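Take a look at the structure set out below.
There are 4 protein chains.
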Amino acid sequence: MSSSYGENLKLTIFGQSHSPAVGMTLEGIPAGNRIDMTALRKFMTRRAPGGASWSTPRKEADLPEFLGGIVDDTTCGAPIAAIIRNTNTKSSDYEELKRIPRPGHADLTAQIKYGGFQDPNGGGHFSGRLTAPMCVAGGICRQLLAKEGISVAARVLSVGNIFDEGELCGPLDDKLFPVVNDEQGQKMKELIDKVRADGDSIGGTVECVVTGLPAGIGDPMFDGMENRISRIVFGIPAVKGIEFGKGFGYAGMRGSESNDPYRIKDGKIVTETNNAGGILGGITNGMPLVFRAAFKPTPSIAREQRSVDMKEKKNEILRVKGRHDPCIVVRAVPVVEAAAAIACYDAFLARRREINYDK
Amino acid sequence: MSSSYGENLKLTIFGQSHSPAVGMTLEGIPAGNRIDMTALRKFMTRRAPGGASWSTPRKEADLPEFLGGIVDDTTCGAPIAAIIRNTNTKSSDYEELKRIPRPGHADLTAQIKYGGFQDPNGGGHFSGRLTAPMCVAGGICRQLLAKEGISVAARVLSVGNIFDEGELCGPLDDKLFPVVNDEQGQKMKELIDKVRADGDSIGGTVECVVTGLPAGIGDPMFDGMENRISRIVFGIPAVKGIEFGKGFGYAGMRGSESNDPYRIKDGKIVTETNNAGGILGGITNGMPLVFRAAFKPTPSIAREQRSVDMKEKKNEILRVKGRHDPCIVVRAVPVVEAAAAIACYDAFLARRREINYDK
Amino acid sequence: MSSSYGENLKLTIFGQSHSPAVGMTLEGIPAGNRIDMTALRKFMTRRAPGGASWSTPRKEADLPEFLGGIVDDTTCGAPIAAIIRNTNTKSSDYEELKRIPRPGHADLTAQIKYGGFQDPNGGGHFSGRLTAPMCVAGGICRQLLAKEGISVAARVLSVGNIFDEGELCGPLDDKLFPVVNDEQGQKMKELIDKVRADGDSIGGTVECVVTGLPAGIGDPMFDGMENRISRIVFGIPAVKGIEFGKGFGYAGMRGSESNDPYRIKDGKIVTETNNAGGILGGITNGMPLVFRAAFKPTPSIAREQRSVDMKEKKNEILRVKGRHDPCIVVRAVPVVEAAAAIACYDAFLARRREINYDK
Amino acid sequence: MSSSYGENLKLTIFGQSHSPAVGMTLEGIPAGNRIDMTALRKFMTRRAPGGASWSTPRKEADLPEFLGGIVDDTTCGAPIAAIIRNTNTKSSDYEELKRIPRPGHADLTAQIKYGGFQDPNGGGHFSGRLTAPMCVAGGICRQLLAKEGISVAARVLSVGNIFDEGELCGPLDDKLFPVVNDEQGQKMKELIDKVRADGDSIGGTVECVVTGLPAGIGDPMFDGMENRISRIVFGIPAVKGIEFGKGFGYAGMRGSESNDPYRIKDGKIVTETNNAGGILGGITNGMPLVFRAAFKPTPSIAREQRSVDMKEKKNEILRVKGRHDPCIVVRAVPVVEAAAAIACYDAFLARRREINYDK
């Protein structure tokens, strides 16, 4: 079912950008896990808009209300349910979208799929707003992974053609602009400012590293870690590509240089390089799990665009109103962490079941 | 479940490289569809090894035996079940792998996950051999899509750093080396020969184009066409990256150039460019669906490699025996088509259910 | 996942008896369907407690708030989400239950399963309260079936050993005590009054009839109509048995009397009898679908009961506080209709997909 | 998907009565479990027809060939796949069934559902023959449960109106006619002989008891043990009712007599009675899990029956050819055990995952 995800967990995300609320249900979280609500709110804040020049000036109070599954901040075994009220549900801006679709958005495809009955306001169920409940679920999973010694960290890897430098070794939760090299980050911010001034937007990439995952997590074929992570990461609006370890870089390599040699180090089996991004045959090998996601530029731009009138079947010129993020990748960093945490914790939960063999 | 895929279809793939057979079950194919068995066998042959210099010299009779679901070459509504006998089940080559894992293969991760009880012979359930039953399922889905006017075509886009040229507009079923520009293909073949002579292997990319898909197929969030296709394509061994439309190229673009403008052409709504690869909000927009998958070099190479003895916990030198494809991407072309066909037909089957609204 | 149901629909039910709210998400309802909110509220009222001598005196405002999926009372294709606030969330009555489990309730099994972290208040996620969101989903499905000419009706078939008389031919929505024969209903009410006066409770059965279902709905093996309906009906607390058509009565019959003979009537194929309850091989045959569910007596009774102290491991005497329905089957009637409507509409949605064969 | 079952396991059953083979795939069995193939064959033999007066005289060699998932009789973590060749695939008897449906069979409903493209031979995918692969899967699960100290036993509880006497305390694997009281069994056999002489058939019930299940297995709402077991048991052809513990008997009881009181016995919590059949709130309480399934009489009888010509739309008289079991319940006993074993082992596998709470 399209708005649900998971094998051992089951995440369902609901709501539209301008409906009374967005929310999520999350089944399968073991009972008895204390959730640090302060940390969860802090995590949510990293995704929230406002407060920075490279983001949209809208303000949202993105704090979830838990309706079930949590008693005294502790999971009770019942599905966790949380909602976030939509306070900014002004709808008038969007009426025109059922007639003249915005290029790069889901307006046309939703119109065709739902016969014109879709909720067009603010992008409806396709809105980036839906990543807020994903962050509720992901924030919880990230905490539960941390208890097991597993950290999920992401960064802005690139904005346009400006790339971060250095290796991502752990969470950058305290950085407003999460890059390893702040000088590169400064250049990215300047590019974003310039793009905004042009009434334009720009794409980028996010890199995510999961460390501490034990070897043996994930499954062959259709439930490998790559399959699991890609299925949820493509659920983040604007993602159009994903690669693990060397990813597309592998295509130009030879086996003799791409195979990660095994070595014994401190009595443990490690690989000398990590081209595989910690995954072999879909299963973790104990090295850091590394992936990158490509984001297209925000489709909402201030400039005039060529579109059509779907009813009259004639060409039109469209000017999208409202103010929008000129570059989504900064706010996308915690969302990618959330998605990765959900996928990894879902896979991680399977491990006890499997170790059942005769000795 | 890890070896199963699908929403309206349910594909399960079973068997190991050296077990008595590999096979598949495919539930959900509507009754009354005639399967062209000659065409299916021809499709399977494109994937089969042997007969070409750039491939492995092993020979396999990859023809499926149907055990259920098909009567007089016509689907009867029951699950389709087919098996392919493994004739080459020599196991002695692989005993060592439970002790000394091959770099780049799943030997180590399977050893940890399955506590040493995995079937190591020929890669077991992780073997590329498992793509044969995927091609049975995919070959059937590709035929059923063709009946609806939908074609699924793929090509070798690159081997190492040599890229095909020209646009892929339709199936290249009759080409032994499926590229658009045969001169580039010749260069790729020469590179593969050279790599083989070096006892090495090389990576590459496959591009797939699905034309004729009506607009409105696919779903928001976790069942978008990107999610669906990536979940199955990462089930093909050696795939480490996937991108749709401009994919990673989007990251360097501005919205004003990346948004595909809408135009009316011959009374229909089309886009001037197809950066989105035919997908907006997870849903097809009627333009060709385009994606590319990155394959890592075949991990089996003739050269010595550094590995470890998992039991003794000490470093080792490994020399992988047997003969292997120096470049998997050529044989991967029909497998990518199969995967895309399964994903697209699965999504396509949902469409009747959805058009149910009050007029 | 345990709190989710469905194939073409996906229903998830969340909340506990005394959590801030109970609610549901329902994915898969086609866009463009207008929901009659007045009729839905009326349907919900049939389940609500209070107002009748045979029910609990608690009062609840069971009206749902829709948070997503519905715009202007019309489905928009996004998941439908609705919540019902719990106003009566007094928790102090139930603290003791983590120590001394109530016989016949899930207190002990939840304590063991969730390690003592379950929400014990009012039965937590096991409460009959969770049937309220099931009625939101079921009320919607029942309306959509009605549009297709399919009616879902249930009645109290028995209370204790008093049975209703006559055949159930259609909905009894307007009856406070839904039986066909009101004289028998009067006897049932008197029995319930007597049982209440005794500080006791009593069991019963509910019969449900679905008419108008076209032939060909449902699937062989594990998704037959019996499988689908039983899976959801056993999700109603206190149900301990289900039978279709003659059900257990079949066990004493001979084939020559139990087989339903076919006849042509008005140009249509019908059966002379309907022992099969409208289902053959899991698939509807066009005759009314008939099933009965057995409910155990409400486990909460005013009398002293023998229990144990789970921590001290010693015998105890328990007196359950609070006021409870002496007979749950009356309020269960719309819940059984809801469950049947969800199962039937879920199966019904598959039908368009299947009719896809070559002519 | 209709021919698939399970949460932690995934069972898919394929094949038709007269297709080249029937078979099953079973994903999710932990690696490293040794299967006793002799015991499995013996289990399969209990279901096989022939050799007894109360059964059909056909002979079948029902022994499975394993194609994958098992190496040296030990599970390797890959999906287990097994097939059983159909040797008796004579099809001519059944051609008429596409025109004149047999009362009580799925001929008419399959004809409508699959547009006449179904495989009618021997009942196709609806045949009791499909219970053979279910017994392969169930026989494996029953062995794995036995290793954990859990036994799954069933008996013929009734044939017609003759009931077995005494309590079922453990497996009756060595009895050709599995009843507790052989005198009652003798009466049942005589009744079956009489019914056969009449060219008729007769229904009955099977009772199943699972002992040794730890408390805490199963889930609330839609994945309770009742839901799980009923979903698979209704996948056995001819089952039309199921009840747990007192089942329909509960409907006539009062809470004061039906609630099972808790007591401490030998330091453990037990119930004095077991009306609940070992399940409260869908979750096991540690007492024996008890259920009964009602089977309708075999629809194939030697007598003339009233049917219709589906094409000509006129009444017809049908005489079913071939020889058939006059009473299916005897052979159904191991099938019910298989179904129960699959459901219980599937639920049992979840338990490790859940015990994850903070101490």
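Residue numbers (this note's numbering), protein chains in the order written: chain Y, 9 to 367; chain E, 9 to 367; chain L, 9 to 367; chain U, 9 to 367.
From the three backbone atoms N, C-alpha and C, an ideal C-beta is built for every residue, glycine too.
Every value quoted in this text rests on a predicted model; they were computed, and no experiment measured them.
Starting from residue i, trace the alpha helix (DSSP H) in both directions and tell me its first and last residue.
i              : result
S266 (chain E) : 263-266
R55 (chain Y)  : 45-55
K121 (chain U) : 115-121
E345 (chain Y) : 337-357
R239 (chain Y) : 233-241
Taking the alpha carbon of residue i as the point to measure from, which residue in the options has its own alpha carbon closest?
i              : options                        : result
C84 (chain U)  : U:G76, U:A90, U:I91            : U:G76
V328 (chain L) : L:R311, L:E320, L:I291         : L:R311
T53 (chain E)  : E:E234, E:A346, E:D80, E:P296  : E:A346
G23 (chain L)  : L:L17, L:E15, L:S11            : L:S11
P334 (chain Y) : Y:E320, Y:L199, Y:M32, Y:V298  : Y:L199
G260 (chain U) : L:R236, L:F303, L:K276, L:A246 : L:F303
N293 (chain E) : E:N282, E:A29, E:A340, E:S315  : E:N282
A162 (chain Y) : Y:A348, Y:Y353, Y:D354, Y:A355 : Y:A348
Under a three-way DSSP split, which group does residue i fall into?
i              : result
R66 (chain L)  : Below a pLDDT of 50, predicted positions are generally treated as unreliable, and R66 (chain L), at 48, falls in that range; the measurement from the model is reported next regardless. R66 (chain L) falls in the coil class under three-state DSSP.
K155 (chain Y) : helix
L199 (chain U) : helix
D366 (chain E) : Confidence at D366 (chain E) is low in this model, with a pLDDT of 41, below 50, so its placement is unreliable and no value can be given for it.
V3 (chain L)   : Shown here, chain L extends from 9 to 367; a query on residue 3 (chain L) therefore has no answer.
G249 (chain Y) : strand
A4 (chain U)   : It is not possible to answer for residue 4 (chain U), since the shown part of chain U is limited to 9 through 367.
G76 (chain E)  : strand
K273 (chain U) : strand
H26 (chain E)  : coil
I287 (chain L) : strand
T306 (chain L) : coil
R107 (chain Y) : coil
H332 (chain L) : coil
How is the beta strand (DSSP E) around residue i delimited, first residue to last?
i              : result
D317 (chain U) : 312-317
V30 (chain E)  : 29-35
I92 (chain Y)  : 88-93
For residue i, write down the residues that DSSP places opposite it in a beta bridge.
i              : result
S166 (chain E) : E:F171, E:T213
Y13 (chain E)  : E:L19
T219 (chain E) : E:S159
A258 (chain U) : The amino acid at residue 258 (chain U) is misidentified as Ala; the sequence shows Tyr. None, per the DSSP bridge assignment.
N323 (chain Y) : Y:V316
R42 (chain Y)  : Y:T82
V187 (chain E) : BP columns for V187 (chain E) are empty, so no partner.
L180 (chain L) : Answer is none; L180 (chain L) lacks a bridge partner.
T279 (chain Y) : Y:Y270
T292 (chain Y) : Y:I287
| Residues from the region 313-325 of chain Y in contact with chain L, defined by Cβ distance under 9 Å | Per Cβ criterion, the list is empty.
| Members of the region 206-238 of chain E that neighbour chain Y once the beta carbon cut-off is set at 7 Å | The region 206-238 of chain E vs chain Y, Cβ under 7 Å: D208, S209, I210, G211, G212, T213, A223, G224, D227, P228, M229, F230, D231, G232, E234, N235, S238.
| Contacting positions in the region 253-272 of chain Y - beta carbon closer than 9 Å to chain E | Here the close residues are G253, K254, G255, F256, G257, Y258, A259, G260, M261, R262, G263, S264, E265, S266, N267, D268, P269, Y270, R271, I272.
| request: Give, in chain order, every residue of the region 18-52 of chain L whose Cβ lies closer than 8 Å to some Cβ of chain Y. | output: Close to chain Y, meaning a Cβ-Cβ distance shorter than 8 Å, are the following residues of the region 18-52 of chain L: K18, T20, I21, F22, G23, Q24, S27, P28, A29, V30, G31, T33, E35, G36, A39, G40.
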